[in-house]
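J.:
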Amino acid sequence: MPEVKLIPEKWVDRYGDYLFNFTISRVNDPIMAQDLVSETFLAGLKSAHRFKGNSTERTWLISILKRKIIDYYRKINSNKGKAEVRMSYLSNSDQEGDWMEEKAQDLRNPNVEDTIEQEELGKALEECIACLPERYATIFVQKTIDNLETETICKEHDITASNLWVIIHRARVQLMECMNKKWHKDN
1 MPEVKLIPEK
11 WVDRYGDYLF
21 NFTISRVNDP
31 IMAQDLVSET
41 FLAGLKSAHR
51 FKGNSTERTW
61 LISILKRKII
71 DYYRKINSNK
81 GKAEVRMSYL
91 SNSDQEGDWM
101 EEKAQDLRNP
111 NVEDTIEQEE
121 LGKALEECIA
131 CLPERYATIF
141 VQKTIDNLET
151 ETICKEHDIT
161 ASNLWVIIHR
171 ARVQLMECMN
181 KKWHKDN
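Residues 1 to 187 in full-length UniProt numbering are what the sequence shown spells out, letter by letter.
Shown next, in the form of structure tokens:
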């Protein structure tokens with residue numbers, strides 16, 4: 001395997017988006033996700049001398065990030081005095097809350113209702129994306145659905161990476177509001 005040289009000054013541009021998306025799907029908190037990615041980059045800088053080149057830079061950074069996420073959940077659990085990790089607590093004012101995993105469907109054995117619900121959710125999401133301003137919709141789809149690189153999107157739309165993330169954030173806020181109206185009203 002050819003020697004892989006670390007280039008820390010390019011990490012944010014090359015891997016920042018990927019690491020953030022990886023993290024947000026596991027911690028469901030944008031601020032914490034940003035913190036964990038930052039901690040990963042710092043840990044990578046501190047331990048760069050131990051990088052042997054047996055994997056790509058990205059794979060190596062992901063392995064560091066996974067340990068950071070595990071540490072994050074360990075800290076939460078030690079603060080709560082619990083030995084288990086719960087995904088998320090659902091609560092409505094008119095009913096007792098439930099743990100999300102208790103409500104989760106068995107996706108290995110979907111029934112007709114599950115399939116219909118997924119189709120309805122997909123349709124509602126498409127309708128909400130169509131309600132976004134055209135530029136927001138295009139950029140949101142390119143980044144979150146098509147998984148285009150930040151640099152590619154920024155060049156195509158002549159925007160900065162910071163501007164891209166502002167647009168993505170605003171699109172997500174508008175989508176959330178729209179989905180609450182279209183999807184959650186009946187479900």
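Note that CB positions come from ideal geometry on N, CA and C, so glycine has one too. Predicted, not measured: the structure shown is a model, and the values here were computed from it.
When the distance is taken between beta carbons, is V37 closer than 9 Å to Y72?
T.: The residue given as residue 72 occupies position 72 in the sequence shown. The residue given as residue 37 occupies position 37 in the sequence shown. Going by C-beta atoms, Y72 is not nearer than 9 Å to V37.
J.: Beta-carbon within less than 8 Å of M179's beta-carbon, same chain only, minus the 5 sequence neighbours each way: which residues are those?
T.: Residue 179 sits at position 179 when you count from the first residue of the sequence shown. Excluding positions up to five away in sequence, the list reads A124, L125, C128.
J.: In or out: A33 buried (at least 16 other Cβ within 10 Å) or exposed?
T.: Here residue 33 is taken as the residue at index 33 of the sequence shown, counted from 1. Buried, by the Cβ-count rule.
J.: Given this structure, state the Cα-to-Cα distance separating T59 from D146, to the nearest angstrom.
T.: Taking the first residue of the sequence shown as position 1, residue 59 is located at position 59. Taking the first residue of the sequence shown as position 1, residue 146 is located at position 146. When rounded, the distance between both Cα atoms is 21 Å.
J.: Going by Cα to Cα distance, which pick from K182, N21, K68, L65 is closest to L121?
T.: Translated into positions along the sequence shown, residue 121 becomes position 121. Comparing Cα positions, the closest option is K182.
J.: Around the C-beta of G53, are 16 or more other C-beta atoms found within 10 angstroms, so that it is buried, or is it exposed?
T.: Your numbering for residue 53 matches position 53 in the sequence shown. That one is exposed.
J.: Where does the unbroken alpha helix (DSSP H) through R30 begin, and where does it stop?
T.: For the purposes of this step, residue 30 is identified with residue 30 of the sequence shown, where counting begins at 1. Reading off the sequence, residue 30 comes out as Pro, not Arg. Per DSSP, P30 belongs to the alpha helix (DSSP H) from 30-46.
J.: By alpha-carbon positions, which one of L61, S47, F51 ends up nearest to F20?
T.: Here residue 20 refers to the residue found at position 20 when the sequence shown is read from its first residue. Comparing Cα-Cα distances from F20 to each of L61, S47, F51, the minimum goes to L61.
J.: According to DSSP, is E149 helix, strand or coil?
T.: Residue numbering aside, residue 149 sits at position 149 when the sequence shown is read from its first letter. DSSP places E149 in coil when its eight states are reduced to three.
J.: Taking a contact to mean a Cβ-Cβ separation below 9 Å, would you say T150 touches D17 in this structure?
T.: Residue numbering aside, residue 150 sits at position 150 when the sequence shown is read from its first letter. Residue numbering aside, residue 17 sits at position 17 when the sequence shown is read from its first letter. Yes, these two residues count as a Cβ contact at 9 Å.
J.: Using C-beta distances below 8 Å, list every residue in its chain close to I24, excluding the 5 sequence neighbours before and after it, in chain order.
T.: Taking the sequence shown and counting its residues from 1, the one referred to as residue 24 is at position 24. Counting only Cβ-Cβ distances below 8 Å, and skipping sequence neighbours, we find P30, A33.
J.: According to DSSP, simplified to helix, strand and coil, what is F22?
T.: As a working mapping, residue 22 is identified with position 22 in the sequence shown. Helix at F22.
J.: Just reading off the alpha helix (DSSP H) that S162 is part of, what are its end residues?
T.: Numbered from its first residue, the sequence shown carries residue 162 at position 162. Looking at the DSSP string, the run of the alpha helix (DSSP H) that includes S162 is 161-182.
J.: What do you get for E9, buried or exposed, if any count of 16 or more other CB atoms within 10 angstroms of its CB means buried?
T.: The residue given as residue 9 occupies position 9 in the sequence shown. Exposed.
J.: Between the C-alpha atoms of Q174 and E134, what's the straight-line distance to the nearest angstrom?
T.: Taking the first residue of the sequence shown as 1, we reach residue 174 at position 174. Taking the first residue of the sequence shown as 1, we reach residue 134 at position 134. Between Q174 and E134, the C-alpha separation is close to 13 Å.
J.: Thinking C-alpha only, which one of L6, I139, I167 is nearest R50?
T.: The residue labelled residue 50 in the question sits at position 50 within the sequence shown. If we check each option's Cα against that of R50, L6 comes out closest.
J.: Between G44 and the rest of its own chain, which residues show a CB-CB distance below 6 Å, the 5 nearest in sequence each way excluded?
T.: Reading the sequence shown from its first residue, position 44 is the one you call residue 44. Correct list, in chain order: L61, I64.
J.: Suppose contacts are defined by Cβ-Cβ distances below 9 Å. Is T40 in contact with K68 by that definition?
T.: Residue mapping note: residue 40 aligns to position 40 of the sequence shown, counting from 1. Residue mapping note: residue 68 aligns to position 68 of the sequence shown, counting from 1. Yes, the pair counts as a contact, with Cβ atoms nearer than the cut-off.
J.: Select from Q142, H169, R170 the residue whose C-alpha is nearest the C-alpha of H157.
T.: On the sequence shown, residue 157 is found 157 positions in, with the first residue counted as 1. Taking only the C-alpha atoms, the option nearest H157 is Q142.
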